[in-house]
Every structure is written in structure tokens, then in C-alpha cells.
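>
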Amino acid sequence: QSIIIPDSVTSIGDSAFSSCESLESITIPDSVTSIGEYAFGRCESLQSIIIPGSVTSIGDSAFRDCMSLQSIIIPDSVTSIGDSAFRDCMSLQSIEIPDSVTFIGEYALGYYLDDTYTKIENFTIYGVKGSEAEKYATENGFTFIALVTLPEADSKEYMDNETSTMPNVAERTTAEELITSLSAYGI
Numbered sequence: 069q070s071i072i073i074p075d076s077v078t079s080i081g082d083s084a085f086s087s088c089e090s091l092e093s094i095t096i097p098d099s100v101t102s103i104g105e106y107a108f109g110r111c112e113s114l115q116s117i118i119i120p121g122s123v124t125s126i127g128d129s130a131f132r133d134c135m136s137l138q139s140i141i142i143p144d145s146v147t148s149i150g151d152s153a154f155r156d157c158m159s160l161q162s163i164e165i166p167d168s169v170t171f172i173g174e175y176a177l178g179y180y181l182d183d184t185y186t187k188i189e190n191f192t193i194y195g196v197k198g199s200e201a202e203k204y205a206t207e208n209g210f211t212f213i214a215l216v217t218l219p220e221a222d223s224k225e226y227m228d229n230e231t232s233t234m235p236n237v238a239e240r241t242t243a244e245e246l247i248t249s250l251s252a253y254g255i
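Under the working numbering, the residue at position 118 of the sequence shown is numbered 186, and the numbers go up by one with no gaps.
1. So Ile96 packs on Pro120, CB below 8 Å; how close in whole Å?
2. Would you call Glu207 buried or exposed, if buried means 16 or more other Cβ atoms sit within 10 Å of its Cβ?
3. Start and end of the beta strand (DSSP E) containing Ala214?
4. Ignore the nearest five residues each way along the sequence and tell me which others in Ser136's own chain have a CB closer than 7 Å to its CB.
5. Can the beta-carbon of Ser122 be found less than 8 Å from the beta-carbon of Asp144?
6. Just how far apart, CA to CA, sit Ile149 and Leu91?
7. Is Lys187 helix, strand or coil by DSSP?
8. Enumerate in chain order the residues of its own chain whose CB-to-CB distance from Phe171 is below 6 Å, with the five nearest sequence positions on each side excluded.
9. For Ser125, does the count of other Cβ atoms within 10 angstroms reach 16, so buried, or fall short, so exposed?
10. When DSSP labels each residue in this structure, what does Tyr268 get in the three-state scheme?
11. At which residues does the alpha helix (DSSP H) containing Thr206 begin and terminate?
12. Do Gly195 and Lys187 have their C-beta atoms within less than 8 Å of each other?
13. Report buried or exposed for Gly109, applying the criterion of at least 16 other Cβ atoms within 10 angstroms of its Cβ.
14. Which value, in whole angstroms, describes the spacing of the CA atoms of Arg155 and Asp183?
15. Where does Thr192 sit, in a helix, a strand or coil, going by DSSP?
16. Quick check: the Cα distance between Ile118 and Ala176, rounded to an integer number of angstroms?
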């Protein structure tokens with residue numbers, strides 16, 4: 069099942085789609101500014117979601133128990149990710165957190181509850197060095213990979229010495245390939 073939320077909606081309330089177990093995809097309009105507590109909790113078939121650039125906060129347990137969630141895009145507009153927001157999302161192996169996020173709640177990312185809070189094996193957080201994302205990863209013992217800001221296109225310092233061109237990062241399909249490619253250019 070798929071749901072398209074109308075443009076007239078400005079917030080997704082607490083438990084709005086809670087336990088919609090057959091919900092696989094949802095389209096959230098740019099009019100939405102907040103996602104409430106447990107808004108999509110126990111939507112066990114939800115696989116991916118794109119949060120629009122208008123959203124500033126993701127409530128406590130907003131996506132908790134979304135067992136099939138593999139991918140989520142968090143925009144630069146988000147400043148707060150509540151407690152247990154993505155807890156028990158067993159298929160979510162990594163997440164990119166923009167540096168706009170200044171608060172990440174307890175057990176928000178990379179945990180599941182099995183008698184005690186347990187880390188999802190090999191969970192990785194991507195973010196900007198010195199950000200709240202790095203702090204959360206470090207404090208919780210998760211792998212953190214710093215995202216790089218690409219230099220200006222005319223920067224001689226980062227150009228390929230033989231061809232005088234920037235490395236082609238658009239063709240890279242994984243973060244690992246991108247990192248390897250940029251490392252070769254001293255970035």
C-alpha cells in the first residue's frame with residue numbers, strides 16, 4: 069500500500085499511521101514541518117521514506133519498529149531527532165545525518181530492544197566532522213564516516229595532475245568507492 073499525504077497537511081500527528089503494517093511507501097508534502105511521536109511506529113512493511121526539506125523535527129519513536137525500513141533521507145532542515153526515533157529498524161544499516169541536526173535522542177539510531185538495548189551490528193552513521201552525528205556515533209560506539217565537502221571546480225589543488233580535471237564522483241555507486249576515489253586525489 070502507498071499513501072500520498074495532501075499538501076494541506078502541516079504536521080503528521082502522534083501515532084497518525086501507527087501499526088499500518090501493510091504500508092510500503094508514503095509521500096510527505098513540503099507543507100509538513102514536523103513528524104510526531106510514533107507517527108509511523110510499527111509500519112513493518114515501510115521500506116523507504118524521503119522526508120521533505122520543510123521538516124524540522126522527527127518525534128520520539130517516529131519510525132520505531134519499522135522492520136523493513138532500509139533507506140531514509142533526512143534533509144538539512146531537520147534539527148531534532150527524538151528518542152528511539154529509528155529504534156528497532158533492523159534493516160536500516162546506515163544513515164546520513166546533516167549537520168543541521170543539533171539534537172539526537174537516546175537510542176534514536178542503531179539500536180533494537182531485546183531484553184536490553186542492543187546495537188545493530190555494523191551500523192554506520194555518515195555526517196560532518198564535529199557534528200552532533202559524530203558525537204552520537206562516538207558516544208554510542210558506532211562507526212562514523214565523515215562526509216567531505218568537495219572543493220570548487222576550479223581549485224587546482226584537487227585537480228588530477230595528468231588531465232587537469234576534477235575526479236568524477238558522479239559515477240561512484242557506493243560510499244566506499246567515492247571515498248577511495250577522493251582519497252586518490254588527496255581529498
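Ideal Cβ positions, reconstructed from N, Cα and C, are used throughout, including at glycine.
Looking at the atomic coordinates:
1. Correct: roughly 5 Å between the Cβ atoms.
2. Exposed is the call here.
3. For Ala214, the enclosing beta strand (DSSP E) begins and ends at 211-214.
4. Glu112, Ser113, Leu114, Gln115, Ser159
5. no
6. 22 Å
7. Secondary structure of Lys187 (DSSP, three-state): strand.
8. Here the set comprises Ser148.
9. Note on Ser125: 16 or more other CB atoms within 10 angstroms of its CB, so buried under the neighbour-count rule.
10. Nothing in the structure corresponds to residue 268, since the chain is present only between 69 and 255.
11. 200-208
12. no
13. buried
14. 14 Å
15. strand
16. 18 Å
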